[in-house]
Amino acid sequence: MEYRQLGRWGVRVSVIGLGSYLTIGHHVDTEEGRRIIERAYEGGVNFFDTANAYNLGEAEKALGQYLKPFGRSSFVLASKVFAPMGKGPNDRGLSRKHVFEQCDASLKRLGTDYMDLYQCHRYDAQTPLEETIHAMDDLIHQGKILYWGVSEWTALQIGDACTYCERWGLNLPVSNQPRYSLLWRYPEKEVFPLCQAKGLGQVVFSPLAHGVLSGKYIPGAPIPEGTRAADASQNEIMMNLYFKEEILSRVQEMKRLAGEMSVATAQLAVAWILRRSTVSSVITGATRLEQLDDNLKAAEIKVPDEVAARMEELFPVPDQQLAAP
Ligand SMILES: NC(=O)c1ccc[n+]([C@@H]2O[C@H](COP(=O)([O-])OP(=O)(O)OC[C@H]3O[C@@H](n4cnc5c(N)ncnc54)[C@H](OP(=O)(O)O)[C@@H]3O)[C@@H](O)[C@H]2O)c1
12 MEYRQLGRWG VRVSVIGLGS YLTIGHHVDT EEGRRIIERA YEGGVNFFDT ANAYNLGEAE
72 KALGQYLKPF GRSSFVLASK VFAPMGKGPN DRGLSRKHVF EQCDASLKRL GTDYMDLYQC
132 HRYDAQTPLE ETIHAMDDLI HQGKILYWGV SEWTALQIGD ACTYCERWGL NLPVSNQPRY
192 SLLWRYPEKE VFPLCQAKGL GQVVFSPLAH GVLSGKYIPG APIPEGTRAA DASQNEIMMN
252 LYFKEEILSR VQEMKRLAGE MSVATAQLAV AWILRRSTVS SVITGATRLE QLDDNLKAAE
312 IKVPDEVAAR MEELFPVPDQ QLAAP
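Residues in the sequence shown are numbered consecutively from 12, following the numbering used here.
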């Protein structure tokens with residue numbers, strides 16, 4: 012396993028990370044979930060991502076439990092705050108009140124004294140940016156979190172946050188967690204250059220576009236049972252963003268490229284992301300142990316320039332970002 016720094020900061024994360032959205036503590040049962048976390052850890056994964064809102068705290072509880080046997084200092088634990096945790100007016104967002112209360116609740120659910128990385132899951136236009144920054148900075152001083160980061164903020168929002176921190180000598184955000192894959196290249200335009208200039212590392216999510224980039228969805232064929240696409244309770248985002256005949260056909264073309272390299276399509280998709288040195292970790296998701304094994308091997312694959320160029324031709328950077336959830 013290769014480890015990269017989180018941007019310009021000292022902590023090192025495995026290039027293959029493991030997340031828990033829809034999987035650990037949710038659609039994956041306890042035994043398989045435990046096996047997936049154990050296998051990931053044994054395979055060198057040290058970066059584990061979750062969020063308070065994933066299955067309303069159940070993902071954090073499960074992840075905390077499965078990581079218990081391992082030395083706390085041997086992994087980097089990341090969670091998030093922003094999405095609704097209840098129906099009340101203060102049960103969401105990035106106010107000082109909600110951030111402080113949810114940080115304590117996450118620590119309890121995870122069964123740990125500190126989170127290595129605490130991320131603002133989205134930008135909160137209703138809360139002054141300085142309120143959120145001071146809350147994060149205070150949590151660092153309290154020792155409850157070691158670093159803070161953002162997810163799906165625009166380049167302008169990240170730039171404003173950095174400027175404020177620099178001006179007042181506060182702890183800067185160290186990481187950005189954007190949606191990023193061959194099917195979602197928009198961050199390349201502004202977000203990646205800004206983050207590089209400001210020293211934030213990228214820990215990117217949905218690298219397989221919810222499984223579409225594994226090549227298992229054949230255009231025109233029935234959706235395989237037991238997959239995320241086949242489950243109406245999980246497939247809304249992937250159906251809206253990626254599940255189009257044209258995209259599925261291009262993925263089949265990529266499958267041919269993967270075949271020529273004797274690697275799996277999913278591995279090629281993840282290895283392509285890792286060509287970018289400012290990506291610190293690719294946060295994968297696994298519903299089954301075999302998928303994790305498949306995805307771990309991506310860390311060993313070097314994608315030749317000519318193959319990458321062909322992939323980028325198949326999936327160019329869009330002129331405009333689609334509206335994303
Ligand atoms: N910051 C945010 O807003 C945000 C949003 C989403 C996710 N995330 C983070 O990013 C992590 C990963 O996101 P994601 O689950 O969307 O990632 P993904 O890699 O795009 O999709 C993972 C899913 O694809 C399928 N899959 C994975 N590996 C496969 C393989 N080798 N072959 C075939 N199918 C495979 C599995 O689904 P099936 O087997 O069920 O088909 C798996 O659950 C999450 O767990 C979470 O920690 C963050």
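The beta-carbon is built from N, C-alpha and C at its ideal position, and this holds for glycine as well.
Note that the C-beta distance between residue 217 and residue 276 is not below 8 angstroms. Look at residue 306 here: in three-state DSSP terms it is helix.
DSSP places residue 312 in the coil class of the three-state scheme, outside both helix and strand. With a threshold of 7 angstroms, the Cβ atom of residue 225 counts as near ligand 1, since some heavy atom of the ligand is closer than that. Between the region 44-54 and the region 313-327 there are fewer than three inter-stretch CB-CB distances shorter than 8 angstroms, so the stretches are not counted as touching. Counting only runs of 4+ residues, the alpha helix (DSSP H) found wholly inside the region 108-156 occupies 140-152, in chain order. Nearest in C-alpha terms to residue 120, of all of 30, 73 and 313, is 73.
Residue 22 has its alpha-carbon roughly 14 angstroms from the corresponding atom of residue 183. Around the beta carbon of residue 138, 16 or more other beta carbons sit within 10 angstroms, so the residue counts as buried. Distance from the C-beta of residue 282 to the nearest heavy atom of ligand 1 is not below 7 angstroms.
Between ligand 1 and residue 132, a heavy atom-to-CB distance of less than 7 angstroms is present. In the three-state reduction of the DSSP assignment, residue 77 falls in the helix class, which pools H, G and I. Relative to the Cα of residue 155, the nearest Cα in the group 108, 118 and 144 belongs to 118. In the structure shown, residue 319 falls within a helical segment according to DSSP collapsed to helix, strand and coil. Closest by C-alpha distance to residue 208, out of 196, 191, 186 and 222, is 186.
Following the DSSP letters along the chain, one finds residue 14 inside the beta strand (DSSP E) bounded by residues 14-16. Exclusion of the five residues before and after residue 329 leaves 196 and 197 as the residues of its chain whose Cβ lies within less than 8 angstroms of its Cβ. Here residue 63 is near residue 92, since their CB atoms are less than 8 angstroms apart. Exclusion of residue 106 from the 7 angstroms shell around ligand 1 follows from its C-beta lying no nearer than that to any non-hydrogen atom of the ligand. Inclusion of residue 130 and residue 213 in the CB contact set at 8 angstroms is not warranted, their separation being larger than that value. Not one heavy atom of ligand 1 is found less than 7 angstroms from the C-beta of residue 138. The Cβ atoms of residue 215 and residue 312 do not sit closer than 8 angstroms to each other.
Shown here, residue 295 sits in a strand according to DSSP, grouped into three states.
Relative to ligand 1, the nearest heavy atom lies less than 7 angstroms away from the CB of residue 217.
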